[in-house]
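If you count the sequence shown from 1, position 64 lands on 64 in UniProt numbering, and the numbers rise without skipping. Ideal Cβ positions, reconstructed from N, Cα and C, are used throughout, including at glycine. Only one structure is covered here, and it is reproduced in the block below.
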Amino acid sequence: MKRLSALTLDKNGLNGSIPINIEGLPELNQLNLSQNRLTGEISFNTEFMRRLGKRLDVRGNNGLCFINNEVLVVEQVPACLDANDNKSSNTHNMSTLGVGPPDPVKLRPSSDNVKGETSGPYSVRFL
Numbered sequence: 001m002k003r004l005s006a007l008t009l010d011k012n013g014l015n016g017s018i019p020i021n022i023e024g025l026p027e028l029n030q031l032n033l034s035q036n037r038l039t040g041e042i043s044f045n046t047e048f049m050r051r052l053g054k055r056l057d058v059r060g061n062n063g064l065c066f067i068n069n070e071v072l073v074v075e076q077v078p079a080c081l082d083a084n085d086n087k088s089s090n091t092h093n094m095s096t097l098g099v100g101p102p103d104p105v106k107l108r109p110s111s112d113n114v115k116g117e118t119s120g121p122y123s124v125r126f127l
């Protein structure tokens, strides 16, 4: 499978997290996992994300969020919010989210509790 260049698994009812070892496919330049039930943090390395660019499609997986804020542009997937990170423009004050846990946690924003630069249910721009 080292020569695999495109992988399309949209609308397959997949659940769980995206395996990180998928970035070990050196020729992969198109990945479509849209319209499944995937969850968790997407933490692909920057080189892999740049190689895929806009050919990464994970729309329609409401449980996914990105933790790598160095990627170019990802539409329809929110950034994971780290309660300890007040420097990022993609994070919000815990009181804004309506929660206040004593320990650091990762939060996935929803269209109901995130204010700022969004369009549609989710639109996140990373620089």
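- Inter-residue distance for L25 and F44 is about 12 Å (C-alpha atoms, whole angstroms).
- Contact check for Q30 against A6 passes: the beta carbons are separated by less than 8 Å.
- CA-to-CA, the gap between C80 and K2 works out to about 30 Å.
- No Cβ-Cβ contact shorter than 8 Å links D57 with N21.
- Looking only at I42, V77, P78 and K11, the smallest Cα-Cα distance to P19 is reached by I42.
- E23 is positioned such that its CB atom lies closer than 8 Å to that of F48.
- Look at I42 here: in three-state DSSP terms it is strand.
- D10 is not bridged by DSSP to any residue.
- The closest CA to that of L64, considering only V77, G53, K54 and L52, is found on V77.
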